[in-house]
Amino acid sequence: MKVIETAVEHLRRHELVVLPTDTVYGVAALIHEVALQRLYEAKQRDLGKAIPVLLSAPEYVIQVASHISEIERALMDAFWPGALTLVVAKRSGVPALLSQTDTIGVRIPDHALTRAIIEQAGGALAVTSANLSGQPAACTAAEAQRQLGDSVAFYVDGGRCPGGQASTVAQVQDDKIQIFRVGPITEAQLYEVGFGKK
76 MKVIETAVEH
86 LRRHELVVLP
96 TDTVYGVAAL
106 IHEVALQRLY
116 EAKQRDLGKA
126 IPVLLSAPEY
136 VIQVASHISE
146 IERALMDAFW
156 PGALTLVVAK
166 RSGVPALLSQ
176 TDTIGVRIPD
186 HALTRAIIEQ
196 AGGALAVTSA
206 NLSGQPAACT
216 AAEAQRQLGD
226 SVAFYVDGGR
236 CPGGQASTVA
246 QVQDDKIQIF
256 RVGPITEAQL
266 YEVGFGKK
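Heads up: the sequence shown is residues 76 to 273, going by our numbering.
In structure tokens:
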């Protein structure tokens, strides 16, 4: 499929590509210092703000995570692909530009075309919402282009995103789940899967 090939070519040149997802449009980069620097500059994003990683399949989580607990695995099995970004322990060697802490956010989008692009690009990409920092998230490629313009090399137009709401961001800590951003998946749903209770 030509669009997949074109998107991957740009990504491999450390250029930025806007992708549709099941939630909102994302702007993607290879997990490489040059590409990540471009991503921060395009979004006018504070370097201290971590960038999540989108995966094409669960097995790629080991590219960026040092380990996955049983509860984290249960949440992945239940909600991936889907609108859950799970904050997990970061693997050593992951670029500091991706996350300056010892954790990193990971997700598999429920969007076949975008998963195919991620797969062809190596299974994991740095992806954050396709908008300028502090501005509304883009639900169409045109909205993303109005905000990001020529800083993005290629826009994949997948129509309006069905979700229209950014993913739930959560972290398992001992016997509780911390919610960093409320999204389509509720705290009660996470507890029911992770701990067998509501």
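Built from N, CA and C at the ideal position, the CB exists for glycine as well. Bear in mind that the values here come from a model prediction, so they are computed numbers and not experimental data.
Assuming residue i and residue j make a contact with CB atoms under 8 Å, what is their CB distance in whole Å?
i      : j      : result
ALA187 : GLY238 : Wrong, their Cβ atoms sit about 15 Å apart, outside the cutoff.
LEU172 : ALA103 : Between ALA103 and LEU172 the Cβ distance is about 15 Å, and since that is not below 8 Å, they are no contact.
ARG75  : LEU129 : Limits of the chain in this structure are 76 at one end and 273 at the other, which puts residue 75 out of reach.
ILE192 : VAL99  : With 8 Å as the limit, ILE192 and VAL99 do not qualify as a contact, their Cβ atoms being about 16 Å apart.
HIS142 : ALA164 : 6 Å
ALA149 : GLY269 : 6 Å
ARG120 : LEU91  : Their Cβ separation, rounded to whole angstroms, is 12 Å, which puts ARG120 and LEU91 out of contact at 8 Å.
PRO170 : ILE106 : 6 Å
GLY180 : VAL257 : Going by Cβ atoms, the distance from GLY180 to VAL257 rounds to 15 Å, so no, they are not a contact pair.
VAL231 : VAL139 : The pair is not a contact, with the Cβ atoms about 23 Å apart (cut-off 8 Å).
ALA219 : ALA196 : That belief does not hold up - the Cβ atoms of ALA219 and ALA196 are roughly 19 Å apart, past 8 Å.
ILE254 : GLU267 : That pair is no contact at about 14 Å.
According to the neighbour-count rule (16 or more other Cβ atoms, all chains shown, within 10 Å of its Cβ), is residue i buried or exposed?
i      : result
LEU86  : buried
PHE154 : buried
ASP97  : buried
ALA217 : exposed
LEU122 : exposed
GLN222 : buried
LYS273 : Here LYS273 scores only 49 on pLDDT, less than 50, and its place in the model is too uncertain to base an answer on.
THR203 : buried
SER144 : exposed
Can you tell which of the options has the C-alpha that lies nearest to the C-alpha of residue i?
i      : options                           : result
GLN246 : THR178, LEU111 and GLU116         : THR178
LEU161 : TYR230, VAL169 and ASP152         : ASP152
ALA241 : THR176, LEU265, SER141 and CYS214 : CYS214
LYS209 : LYS124, LEU94, VAL109 and SER144  : Residue identity differs from the one stated: residue 209 is Gly in this sequence, not Lys. That would be LYS124, whose Cα lies nearest to the Cα of GLY209.
GLN248 : THR261, LEU265 and CYS236         : LEU265
GLN175 : PRO211, PRO127, SER131 and ILE146 : PRO127
PRO211 : GLY101, GLU80 and LYS77           : GLY101
GLU185 : GLU267, ASP250, VAL78 and CYS236  : Correcting the residue identity first, residue 185 is Asp in this sequence and not Glu. The shortest Cα separation from ASP185 among GLU267, ASP250, VAL78 and CYS236 belongs to CYS236.
GLY271 : ILE260, SER131 and ILE146         : ILE146
THR81  : THR189, SER167 and GLU108         : THR189
Starting from residue i, follow the beta strand (DSSP E) in both directions and report where the run begins and ends.
i      : result
GLY180 : 178-182
VAL163 : 159-164
LEU105 : No beta strand (DSSP E) holds LEU105; DSSP gives it neither H nor E.
THR243 : 243-248
ARG87  : No beta strand (DSSP E) holds ARG87; the alpha helix (DSSP H) holding it covers 77-87.
VAL202 : 199-204
ILE254 : 251-256
LEU172 : LEU172 -> no beta strand (DSSP E), and no H or E assigned at all.
What first and last residue would you give for the alpha helix (DSSP H) that runs through residue i?
i      : result
GLN112 : 108-118
THR189 : 187-195
PRO149 : Checking the sequence shown, residue 149 turns out to be Ala, not Pro. Unbroken alpha helix (DSSP H) run through ALA149: 145-154.
GLY67  : Outside the modelled stretch of the chain, which goes from 76 to 273, sits residue 67, for which no answer is possible.
LEU223 : 216-223
inquiry  = Three Cβ pairs or more, each shorter than 8 Å: is that satisfied between the stretch 126-139 and the stretch 224-233?
reply    = The stretch 126-139 makes no contact with the stretch 224-233, as fewer than three CB pairs between them are under 8 Å.
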